[in-house]
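Notes for the one structure printed next.
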Amino acid sequence: MQELSHAEWHSLSLDKVIKMLQTDIEKGLTSTDVKRRLEEFGENVISIKRGKNQLFSFLLQFKQPLVLILIIAGFITSLLQEWVDTGVKERNILIRFRIKYKLPPIQIDTC
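In the numbering used here, the protein residues as written are 79 to 189.
Now the structure itself:
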């Protein structure tokens, strides 16, 4: 079989795909072909990457420049006893974390 893992399947014609996969569109695969392909390629499953835990994601935020600026600004406003401003800055950090944790980017491994 040709190199299958990097084929751009969506752009190929049906005849080309059938030829590349060495199959029959009417009959499908034989039991022998199924066993051989399972051994060669493995099961047809999508692997899903596990996400980071919440604590790690929260701590990872502190590497971002905007978050560091908010922390410094919050510290300065607390020294000036501007409690409302301090609270707003702290809430901003928590909201950023909540949004990032609840809406992680979609990651799907490709073949």
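A virtual CB, placed ideally from N, CA and C, is assigned to each residue, including glycine.
Because the structure is a prediction, the values reported are computed rather than measured.
With K127 and L148 assumed to form a contact (beta carbons below 8 angstroms), what rounded beta-carbon distance in angstroms separates them? Rounded to the nearest angstrom, the Cβ distance from K127 to L148 is 29 angstroms, too far for a contact under 8 angstroms.
On the DSSP bridge list, what partners appear for G106? Paired residue(s): D102.
Helix, strand or coil: how does DSSP classify S89 here? helix
9 angstroms Cβ cutoff met for L107 and T101: In this structure, T101 lies closer than 9 angstroms to L107 by Cβ.
How far does the alpha helix (DSSP H) with F134 in it reach, from first residue to last? Looking at the DSSP string, the run of the alpha helix (DSSP H) that includes F134 is 132 to 138.
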